[in-house]
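Sequential numbering from 1 applies to the sequence shown in the UniProt record's numbering. C-beta: ideal position from N, C-alpha, C; glycine also. Fair warning: this is a prediction, and the values are worked out from it, not measured in the lab. Quick notes on the structure that follows.
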Amino acid sequence: LKKFDDQQRFNLINNICRTIFGSVVEEKINFETPEVKQLIVDGLQVIQLPEAKLQFDEGSKDDDDEADLPPEELQKMAKKTIKMAFCQAFVQVIMPQFMAMSRYLAKKRSMLQKEFRNCLAVIAESYPDELHLLFQDNAQLKLEVEADLKQKKRDERKSRVEKNRRLVQDIQEAPIPEIEQNNEKENEELPMVEVVIGEDEQV
């Protein structure tokens, strides 16, 4: 996945939707079996992998090609154009399959609905300004995904705060390094040395 370009990542997500979600919705495979439910979970987890997230790059470039890079403004425009193209493809190709799967899980009152929304939230993170397009056929699901995104951000912020708190606490409770302890002990326990001066010697 790390070597995939955006087109390959898009095709991967589309294949998962078509072969797994599509087969479930069309009841080509039995949804009630543990194996099929696990297959759905596996598919959702693959889609949520960081490596499967679209990067909207114009393509990889070698170091030797850096001199040929267009100005920064043109790069931004190109990335925006690529992003909109993939967004439209998501709306037209992938989202209908997601919506069909969402309705199917709701009809079954499946426990997988939460896992499914988490996956949608990951996709939505790539298109924060285009949620109205992605979820144009399901306003309620859009609200739920937005709520999940907000909760995810709160959880991440809380996790960072807790991590920093533990780091500070660990530093404060860390034992004094052994070398420092030895130095302090030597300074405290230096033996008294008695100097004897002969009678004929002068100090």
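- With fewer than 16 other beta carbons inside 10 angstroms of its own, Ala174 counts as exposed.
- The beta carbons of Ile82 and Gly43 sit no closer together than 8 Å.
- In the DSSP assignment, Leu1 falls outside any alpha helix (DSSP H) and carries neither an H nor an E.
- For the set Gln7, Arg165, Gln45, the Cα lying nearest the Cα of Ile20 is the one of Gln45.
- Residue state for Asp42 is assigned as helix, using DSSP reduced to three classes.
- Taking 8 Å as the cut-off, the Cβ atoms of Phe86 and Phe56 count as close.
- Annotated three-state conformation of Phe90 is helix, per DSSP.
- Using a Cβ-Cβ distance cut-off of 8 Å, the region 88-106 and the region 19-37 are in contact, since at least three pairs of beta carbons, one from each stretch, lie closer than that value.
- Comparing C-alpha distances from Ser126 to each of Lys53, Val91, Lys2 shows the shortest one belongs to Lys53.
- Per DSSP, reduced to three states, the secondary structure at Pro175 is coil, with no helix or strand assignment.
- Nearest neighbour of Lys153 by Cα position, chosen from Asn138, Val168, Val41, Ala121, turns out to be Ala121.
- By the Cβ-count criterion, Met77 is exposed, with fewer than 16 other Cβ atoms from all chains shown falling within 10 Å of its own Cβ.
- With contacts defined by Cβ atoms closer than 8 Å, Arg117 and Val145 form a contacting pair.
- When secondary structure is reduced to three states using DSSP, Glu26 falls in the coil class, being assigned neither helix nor strand.
- For the set Leu131, Val161, Asp137, Phe4, the Cα lying nearest the Cα of Leu149 is the one of Leu131.
- Ser126: member of the alpha helix (DSSP H) spanning 112-126, first to last residue.
- Per DSSP, Ile13 is one residue of the alpha helix (DSSP H) stretching across 6-16.
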